[in-house]
């Protein structure tokens, strides 16, 4: 096992849980593993293919992933192929010949392919070493990404009794886990629930005000870093992509309304670093295996925490520091609720509503973001301060907001609890708008009581009072603000209201911490050399027609930029550099590093 790990993957040690999972697979036991994105799932089923007799069949939901997965496996010295609808008839026949010749160690297919009778008969006629089911949560109707095609996989255990099944997912509550194991018919599986804590990810939430300008500002602060921006609608991905392009950012859209050809073209451009940003709907979903995504932005509120966690998990798959930013406004929640209310089945509607409520709580309650995510996923987070979210690094401070809460609630009460938050905010700010004057709300006692603060501040107070259930918004198209009984008690009985509020002076601190201290567990590296090696990697990747991160990950390049290896033996000590990649790329990288050191003689190599 360790020889294969070192020779093919370039690692000296397994990550947590990998060794135990592989040992169980080699003993032909079924496995169910919940491992976070970037936790090393693919190694768990790729490595055994070198030690077992037969082909490992990997079932993956999106054909857009398969080429990168197969390219990566082949770069590490595996005989691998994929079968999907993107191939020509001749290419399909060629792969069938390789299957019958027993010359494939890894075969990637979609669940629809497995359901085809002729393909099923092909598998019955050849030795199969393992069925590896990726994104296994797709089989569960309780999960966030149910796919009916996955239900056909329930026949594997019955029809391939001697073949072990390993099911993997990055997100599964206890309920979803039980459902997956039952539907796949896993036989006394070895179960792993790895920690969902991604220490290299920095989480933060910002108020959504002018989203295009906010996103543009963030990207300028992260120049040349690859990132994904999730949006709720197809039109908004195109609008944002166009806006970014006009402002000098290399960006492309991705959504289900594009042709298959254009989606593939845009995704490949992103994977190959031809563009730095992709603006996407959740159609981008699981269709990205790029390891060096440095940020994921949600420009609209996600529908649930499972989807949010999985989407943010596309940042920092290589283990390097990355950022996850959610821009939140209460209006987003109302848009989602509008569609939830149209769900006819009562239980389905209630489940969707409950999941949205937890998502809103994450976005609006200013307590440790990491603790909230892990708590939802059934994991207790012990530290009081995670050090890698906006709340824990001091973006907020606990304050008594009783007086301001009473100003808002009094304005709601005195205007008859019949108006929306924008109108009530105008009253609080003392704005003599046409509507305020027509309704004579300039005469109420609280008119102008809040003019000492700006509109954004009062928006934050509204959000806080709604989260604390002192106020409630009712109605779909034109929601109005009303007092709850708890709010009435605060207003008339002088109960204290405390809240974590963001002081303006902390803005620069947050930016600094999220980009530096959040990655303090990682050493610094020579950034000038990194740019040289990144350019070399891009050139070599283009020659091989693969994505650059498949040649070497950013993490591997960063390590080269700390230790300056100038020989094959030194390069072999770099994590992620195995013998197969040494044979293909070793000389090129050594020459590049030597040339850099000659031009920069003051650099002192730190050889591992």
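Residue numbers (our numbering): 2 to 609. Heads up, the beta-carbon is just placed ideally off N, CA and C, and yes, glycines get one too.
- Residues of the same chain with a CB within less than 8 Å of the CB of residue 569, apart from the 5 flanking positions on each side, are 583, 587, 591 in chain order.
- For residue 242, the enclosing alpha helix (DSSP H) has its first and last residue at 235-247.
- In this structure, DSSP gives residue 369 a state outside helix and strand, which the three-state scheme calls coil.
- Secondary structure of residue 501 (DSSP, three-state): strand.
- In terms of Cα proximity to residue 63, the closest of 360, 12, 86 is 86.
- In the structure shown, residue 195 adopts coil according to DSSP, grouped into three states.
- Between residue 382 and the set 392, 370, 391, the nearest pair of CA atoms involves 370.
- Counted as a single uninterrupted DSSP element, the alpha helix (DSSP H) harbouring residue 424 occupies residues 422-430.
- Closest in C-alpha terms to residue 468, from the list 499, 530, 344, comes 499.
- Taking a 10 Å sphere around the C-beta of residue 29, we find fewer than 16 other C-beta atoms and assign the residue as exposed.
- Collapsing the DSSP output to three states places residue 224 in coil.
- Residue 324 is bridged by DSSP to 203, 296.
- Note on geometry: alpha-carbon atoms of residue 291 and residue 314 lie some 11 Å from one another.
- Rounded to the nearest angstrom, the gap between the Cα atoms of residue 153 and residue 33 is 18 Å.
- Between the C-alpha atoms of residue 207 and residue 329 there is a straight-line separation of about 6 Å.
- A distance below 8 Å separates the beta carbons of residue 245 and residue 220.
- Boundaries of the alpha helix (DSSP H) around residue 458: 456-468.
- Under the three-state reduction of DSSP, residue 481 is assigned to strand.
- The shortest CA-to-CA distance from residue 309 to any of 377, 67, 104 is the one to 377.
- Residue environment analysis places residue 103 among the exposed positions, since fewer than 16 neighbouring C-beta atoms fall within 10 angstroms of its C-beta.
- Sequence-distant Cβ neighbours of residue 23 in its own chain, meaning closer than 7 Å and more than five residues away, are 2, 45, 48, 49.
- Going by DSSP, residue 270 is part of the alpha helix (DSSP H) stretching over 261-272.
- Taken through DSSP and simplified to helix, strand or coil, residue 158 comes out as helix.
- Residue 438 counts as exposed, since fewer than 16 other beta carbons sit within 10 angstroms of its beta carbon.
- Put simply, of 170, 277, 81 the residue whose alpha carbon is nearest the alpha carbon of residue 242 is 277.
- About 6 Å separates the beta carbon of residue 273 from that of residue 549, a gap short enough to meet the 8 Å contact definition.
- If you draw a 10 Å sphere on the C-beta of residue 267, you find 16 or more other C-beta atoms in it, and that means buried.
- For the pair residue 552 and residue 538, the CB atoms are nearer than the 8 Å cut-off.
- In the same chain as residue 84, and ignoring 5 residues on each side of it, the C-beta atoms closer than 6 Å to its own belong to 96, 110, 114, in chain order.
- Membership of residue 402 in any beta strand (DSSP E) is not indicated, and neither H nor E is assigned to it by DSSP.
- Take residue 547, set aside five residues on each side of it, and the residues of its chain with a beta-carbon closer than 6 Å to its own are 72, in chain order.
- Proximity to residue 392 across 408, 411, 372, 406 peaks at 372, based on C-alpha coordinates.
- Residue 166 places its beta carbon less than 8 Å from that of residue 185.
- Shown here, residue 445 sits in coil according to DSSP, grouped into three states, outside any helix or strand.
- Counting only the Cα atoms, residue 387 lies some 39 Å from residue 601.
- In summary, residue 155 is exposed, with fewer than 16 beta-carbon neighbours lying within 10 Å of its beta-carbon over all protein chains present.
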